[in-house]
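Sequential numbering from 1 applies to the sequence shown in full-length UniProt numbering.
Quick reminder that beta carbons are idealized off the backbone N, C-alpha and C, glycines included.
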Amino acid sequence: MYGNDFAPDETGLLAEVEQAERALLAAAEAPSGALHFDDLVAAEQKIEPRDWMPDAYRKTLIRQIAQHAHSEIIGMQPEGNWISRAPTLKRKAILLAKVQDEAGHGLYLYAAAETLGVSREELVNLLLEGRQKYSSIFNYPTLTWADIGAIGWLVDGAAIVNQVPLCRCSYGPYARAMIRVCKEESFHQRQGYEILYTLSHGTPEQKAMAQDAVDRWWYPSLAMFGPPDGDSTHSEQSMAWKIKRFSNDDLRQKFVDMCVPQAEILDLRIPDPDLRWNKERGVHDYTQPDYAELMRVIKGDGPCNRQRMEHRRSAHEDGAWVREAAAAYAQKKADAKKKADAKKADAKKKVAA
Ligand SMILES: [Fe+2]
Ligand SMILES: [Fe+2]
1 MYGNDFAPDE
11 TGLLAEVEQA
21 ERALLAAAEA
31 PSGALHFDDL
41 VAAEQKIEPR
51 DWMPDAYRKT
61 LIRQIAQHAH
71 SEIIGMQPEG
81 NWISRAPTLK
91 RKAILLAKVQ
101 DEAGHGLYLY
111 AAAETLGVSR
121 EELVNLLLEG
131 RQKYSSIFNY
141 PTLTWADIGA
151 IGWLVDGAAI
161 VNQVPLCRCS
171 YGPYARAMIR
181 VCKEESFHQR
191 QGYEILYTLS
201 HGTPEQKAMA
211 QDAVDRWWYP
221 SLAMFGPPDG
231 DSTHSEQSMA
241 WKIKRFSNDD
251 LRQKFVDMCV
261 PQAEILDLRI
271 PDPDLRWNKE
281 RGVHDYTQPD
291 YAELMRVIKG
301 DGPCNRQRME
311 HRRSAHEDGA
321 WVREAAAAYA
331 QKKADAKKKA
341 DAKKADAKKK
351 VAA
């Protein structure tokens, strides 16, 4: 009943993740020899951190993976807002686990970016200085509990559609991180869907609250796929490098087609009077999101941009002592190891003498 992200057959999004995982393992077994970057990409092999790669490829990946990592971390805020107000202990535990997953996604992704020769500290500073972006969707407020359902269903749903093809990305560390992320995102989508299902089959007030949340989150979720193909600046090169596998518009269409039957089961209306099945094209016609609004929010003028960054900055400052303590502890361990190694080497020398 939850839709095609976990269809039991081989057509669901999770099945695609499984297939990508098998392909990844097969690629790891294949001898890469001294293949050049272009040949490796053409042969569906993975580029690994030790391999030569064009500078622009490295830069594109750093930008994309960092933006993705920042989105996971900032994305904890709108939902974190409801942890203390979740309607039951069970809902609270589930939401807590979900928000914690997002922190984990941020960690996998910062770690993947670090394999390209930047440090996590540098990337976090770029975010805090406003020189790197995060997904605009997180600049919208979560006004009611139903928003948590709508975020899970639509925002995590759009994230999965966007990210499943990244499981086949040509850069190995990113592809491997995405396989794990997608499996967890699938759980996120289901928990959101289940919240909405419960509300839409509850009291009329609960159903109205669910509908209101879907009305507010639908178009920002469509905008998550980025500008239309004609205006997308990085797409063509990313496709050639097999970082990206499908265009923004293709993914957006896939998302719409996935949501329509799910909305029927939810008994909630997608807020688009022009949404209908197009027999000739075999997909749904739908109204495009307001891309001018998307650009405004990207540029910093969304409802919560300022609040999100202020919160991130203060969380970063509050966490300084933890980073310092962790660094001091790591140094202490390293010093102790060095001392023990020197002692061992000494003892060996004495035995040899
Ligand atoms: Fe995530
Ligand atoms: Fe998620």
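How big is the Cα-Cα spacing for residue i and residue j?
| i | j | result |
| --- | --- | --- |
| ALA345 | ALA328 | 26 Å |
| MET295 | HIS201 | 36 Å |
| ALA23 | VAL118 | 28 Å |
| LEU199 | GLN45 | 46 Å |
| ALA97 | ILE62 | 28 Å |
| ARG276 | ASP301 | 32 Å |
| PRO289 | LYS59 | 29 Å |
| SER232 | GLU293 | 16 Å |
| TRP82 | TRP145 | 7 Å |
| ARG308 | MET258 | 30 Å |
| ALA342 | ARG323 | 28 Å |
| THR115 | LEU128 | 21 Å |
| ASN305 | HIS316 | 17 Å |
| TYR193 | ARG313 | 32 Å |
| residue 378 | ALA177 | An answer regarding residue 378 cannot be provided, because it is not within the stretch 1 to 353 covered by the chain. |
| ASN162 | ALA325 | 37 Å |
| TYR291 | TYR219 | 10 Å |
| SER235 | ALA113 | 20 Å |
| LEU143 | CYS182 | 27 Å |
Where does residue i sit, in a helix, a strand or coil, going by DSSP?
| i | result |
| --- | --- |
| ARG245 | coil |
| TYR134 | coil |
| VAL118 | coil |
| HIS234 | coil |
| ASP285 | strand |
| ASN278 | strand |
| TYR291 | helix |
| ILE47 | strand |
| TYR171 | strand |
| TRP82 | coil |
| ILE270 | coil |
| MET53 | coil |
So residue i and residue j are in contact, right, with Cβ under 8 Å, and what is the actual spacing, rounded?
| i | j | result |
| --- | --- | --- |
| GLU79 | ILE151 | 6 Å |
| ILE148 | SER186 | Not quite, the Cβ-Cβ distance comes to about 17 Å (not below 8 Å), so this is no contact. |
| LYS133 | ILE298 | 7 Å |
| ALA69 | LEU123 | 7 Å |
| LEU126 | VAL214 | Contact flag wrong, Cβ pair sits at about 34 Å. |
| LEU35 | ALA43 | 7 Å |
| ASP272 | ASN278 | At roughly 14 Å, the Cβ-Cβ gap does not stay under 8 Å, so ASP272 and ASN278 are not in contact. |
| VAL17 | ILE195 | With 8 Å as the limit, VAL17 and ILE195 do not qualify as a contact, their Cβ atoms being about 23 Å apart. |
| LEU95 | GLU72 | Contact doesn't hold; Cβ gap of about 16 Å is too wide. |
Problem set entry | Exercise answer, beta-carbon shell around ligand 1 heavy atoms below 6 Å | Result (chain order): GLU72, GLU102, HIS105, VAL181 and GLU185.
Problem set entry | Three-pair Cβ contact test at 8 Å for the region 237-251 versus the region 160-170 | Between the region 237-251 and the region 160-170, the count of C-beta pairs closer than 8 Å reaches three or more; the two stretches touch.
Problem set entry | Three CB pairs or more closer than 8 Å across the region 224-234 and the region 138-145 | These segments do not touch.
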